[in-house]
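Quick note on numbering: the sequence shown equals residues 7 to 520 in our numbering.
Glycine is no exception: its CB is placed at the ideal position from the N, C-alpha and C atoms.
Predicted model, so just to flag it, every value in this text is computed and none were measured.
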Amino acid sequence: MEKSLREKLGKQLLFFDGAMGTELQNRGLLAGELPELWNCTHEQEILDIHAGYLACGCNIILANTFGANCFKLKESGHSVSEIVQKGVEIAQKAAAMAGRGYVALDMGPTGKLLRPMGDLDFEDAYAAFAEMVQAGVEAGVQLIVIETMSDTYEMKAAVLAAKEQSTLPVIATMTFDEQGKLLTGGDIEAVVCLLEGLGVDALGMNCGLGPEQMLELLPRMRACASIPIVVNPNAGLPIVVNGKPAYALGAEEFAQQGEALVRAGASVIGGCCGAGREHMQKLVERCKDLQPLPIQQKNITSVSSYSHAVFFGGRPVIIGERLNPTGKPKLKQALRDEDMNYLYQEGIAQAEHGADILDVNVGLPGIDEPKLMEQAICGLQGILDLPLQIDTADIAAMERALRLYNGKPLLNSVSGKEESLSTVLPLVKKYGAAVIALTLDEAGIPKTAEGRFAIAEKIVLRAEKEGIARKNIIVAPLAMTISTGAENAKVTLETLKMVRERLGVQTSLGVSNI
């Protein structure tokens, strides 16, 4: 029996297909015409493109469903289900004729910007992608490919839809400029941090750049990624010929540069705009006997905002704790009045004073914590680019914040209590967070370092059973106020040392407590 795609990823070199849109333009697709509608009107043309790529030796073909979402199809007279079903059916026919090939649901951007940069709500974007995934699963696709994304928030909505509505492999690629930046400002490290956290099977880059430019960015991606990397470049940078866009890189040169990408760490390679059948033929011929570089597991603890990642283990990471109503009468009143501007100003002040991460706690008796937490998270990430630490014991508020957060969040916290372990850890896993682990349980805070270490070890082992890597656990050995006794400082430091040496995880101290 043929190995599954998940078994092959990273173990053998796989080939995506090449361009669809530019190939359709060469066959008469008009400017402004939806390529996906050709599934209904030009089936043979679509079939020929798929068949050509499979004949070249490509392993994965993308159904012609890139823009088959409810927003783009709204005025077309066709439903999402109809277009996806037809697109998948054509690709499956090509694969059956070839006797090989994995058929993927292809999902691109909605064409709308999400809040705060646009007017599309996160859950509306999620619903659009979920509709596509449901249609693709019903049609029998073998994997889901999310590509050409330029916004981490939209990518997160698409990945959650893919993973919540299916159990299929998910491959996610984004479009960067030559400096490694997304249209919305995110960098390579932030993208890797987010996508690995969400549990995609492979990540990478496509479109926007040619292989030469992507080769410059690949080392940065490989330096922080622990899963297979996909690289699908255009046939060079676009040029204008006789008033029309074109791509200047010939098939031989494309294949030569593609080989360099494989040797630099691409586990899956294909083509995007301008890379047609000849390009893919030459690429497969040149690279088919190559083996991808081994996937290196990075023991890197990180969190991210939409724009950048923060890494633990080097210089101390400063977590600002002023966004917490405990002992702050003005903040308490502002939260009761739903005066979020006061909270935002406090956040800005901490950023200006050098905080790397902001703790966000809106817990007060008698308030709607899920509602206020949503307002706080969405508002802060709209005005600041710092990663946020979600600080709540309210599970509803916790999940809402984790879901709407644009990046890989830090969650504060999980403890050794069974109720905490059973409710918090599944959310950490689902939303790809890092989490603060408090060394306390049903019996309270142990008075000895050995007791606190035992709780830390219990949390780490339980997290691993949930599929959460140790690098995503940050143990807090609990710094107590000096009034509780000088001996507590010694216990905390001893616990810190034991945790670092025996468990190999990062640690955090709430030194403001002292």
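Measuring alpha carbon to alpha carbon, tell me which of 438, 291, 441, 399 ends up nearest residue 425.
Against the sequence shown, residue 425 aligns to sequence position 419. Answer by Cα proximity: 399.
Quick one: grab the DSSP three-state call for residue 212.
Within the sequence shown, residue 212 is the residue found at index 206, counting from 1. Strand.
Count the C-beta pairs between the region 138-155 and the region 165-179 that are closer than 8 Å, then say yes if the count reaches three, no if not.
In this structure the region 138-155 touches the region 165-179; the number of beta carbon pairs closer than 8 Å is three or more.
Answer yes or no: do residue 227 and residue 180 have a C-beta to C-beta separation smaller than 8 Å?
Here residue 227 refers to the residue found at position 221 when the sequence shown is read from its first residue. Here residue 180 refers to the residue found at position 174 when the sequence shown is read from its first residue. No, they are not a contact pair.
Let me know the beta strand (DSSP E) ranges lying completely inside the region 351-431, each 3 residues or longer, listed in chain order.
363-366, 394-397, 416-420
Residues in its own chain within less than 8 Å of residue 415 by CB, not counting five upstream and five downstream?
Position 409 of the sequence shown holds residue 415. Taken in chain order, the residues that qualify are 309, 393, 394, 395, 396, 407, 408, 437, 439, 440.
Do residue 497 and residue 454 have their C-beta atoms closer together than 8 Å?
In the sequence shown, residue 497 corresponds to position 491, counting from 1. In the sequence shown, residue 454 corresponds to position 448, counting from 1. Yes, Cβ-Cβ distance for residue 497 and residue 454 is below 8 Å.
Which value, in whole angstroms, describes the spacing of the CA atoms of residue 461 and residue 447?
One-based indexing of the sequence shown puts residue 461 at position 455. One-based indexing of the sequence shown puts residue 447 at position 441. In a straight line, the C-alpha of residue 461 is about 7 Å away from that of residue 447.
Kindly list the residues whose CB is nearer than 7 Å to the CB of residue 324, restricted to its own chain and excluding five residues on each side of it in sequence; keep chain order.
Walking along the sequence shown from the start, residue 324 turns up at place 318. Closer than 7 Å at the Cβ level, and outside the excluded window around residue 324, lie 360, 361, 362.
Beta-carbon proximity of residue 349 to residue 337, cut-off 8 Å:
On the sequence shown, residue 349 is found 343 positions in, with the first residue counted as 1. On the sequence shown, residue 337 is found 331 positions in, with the first residue counted as 1. Cβ distance < 8 Å, so residue 349 and residue 337 count as in contact.
So the candidates are 377, 355, 41; which of them puts its Cα closest to the Cα of residue 390?
On the sequence shown, residue 390 is found 384 positions in, with the first residue counted as 1. Ranking the options by Cα distance to residue 390, first place goes to 355.
Give me the Cα-Cα distance between residue 290 and residue 42, rounded to the nearest whole angstrom.
If you number the sequence shown from 1, residue 290 lands on position 284. If you number the sequence shown from 1, residue 42 lands on position 36. When rounded, the separation of the alpha-carbon atoms in residue 290 and residue 42 is 27 Å.
Check whether the Cβ atoms of residue 201 and residue 236 lie closer than 8 Å to each other.
Along the sequence shown, read from residue 1 onward, the residue named residue 201 stands at position 195. Along the sequence shown, read from residue 1 onward, the residue named residue 236 stands at position 230. Their beta carbons are not under 8 Å apart, which means residue 201 does not touch residue 236 by this criterion.
Would you give the residue range spanned by the alpha helix (DSSP H) that residue 28 belongs to?
Along the sequence shown, one-based indexing puts residue 28 at 22. Note, residue 28: alpha helix (DSSP H), 27-32.
Alpha carbon of residue 357 to alpha carbon of residue 326, nearest angstrom:
Working through the sequence shown from its first residue, we reach residue 357 at position 351. Working through the sequence shown from its first residue, we reach residue 326 at position 320. Roughly 8 Å separates the two Cα atoms.
Can you tell me whether residue 310 is helix, strand or coil according to DSSP?
To locate residue 310, count along the sequence shown from 1; it is residue 304. It is a strand residue.
According to the neighbour-count rule (16 or more other Cβ atoms, all chains shown, within 10 Å of its Cβ), is residue 517 buried or exposed?
On the sequence shown, residue 517 is found 511 positions in, with the first residue counted as 1. By the 10 Å Cβ count, residue 517 comes out exposed.
Contact belief for residue 322 with residue 278 at Cβ below 8 Å, rounded distance in angstroms:
Locating residue 322 in the sequence shown gives position 316, counting from the first residue. Locating residue 278 in the sequence shown gives position 272, counting from the first residue. Residue 322 to residue 278, Cβ: 42 Å. No contact.
Is the beta carbon of residue 186 sitting closer than 8 Å to the one on residue 223?
Looking up residue 186 in the sequence shown gives position 180. Looking up residue 223 in the sequence shown gives position 217. Cβ atoms of residue 186 and residue 223: closer than 8 Å.
Please tell me whether residue 294 and residue 63 are closer than 8 Å, where the distance is taken between their beta carbons.
In the sequence shown, residue 294 corresponds to position 288, counting from 1. In the sequence shown, residue 63 corresponds to position 57, counting from 1. Yes, Cβ-Cβ distance for residue 294 and residue 63 is below 8 Å.
Applying the criterion that 16 or more other CB atoms from any shown protein chain within 10 Å of the CB defines a buried residue, is residue 47 buried or exposed?
Counting from one through the sequence shown, the residue named residue 47 turns up at place 41. The residue is exposed, with fewer than 16 neighbouring Cβ atoms inside 10 Å.
Just to confirm, is the Cβ distance from residue 52 to residue 89 under 8 Å?
Within the sequence shown, the letter at position 46 stands for residue 52. Within the sequence shown, the letter at position 83 stands for residue 89. Result no, Cβ atoms of residue 52 and residue 89 do not sit closer than 8 Å.
Three-state secondary structure assigned by DSSP to residue 346
Walking along the sequence shown from the start, residue 346 turns up at place 340. Correct three-state label for residue 346: helix.
Contact between the region 253-262 and the region 297-307 is defined here as three or more beta-carbon pairs at a separation below 8 Å; is this criterion met?
no
Anticipated Cβ contact below 8 Å, residue 68 with residue 104, distance rounded
One-based indexing of the sequence shown puts residue 68 at position 62. One-based indexing of the sequence shown puts residue 104 at position 98. Contact doesn't hold; Cβ gap of about 15 Å is too wide.
Across which residues does DSSP place residue 111 in a beta bridge pair?
If you number the sequence shown from 1, residue 111 lands on position 105. Paired residue(s): 150.
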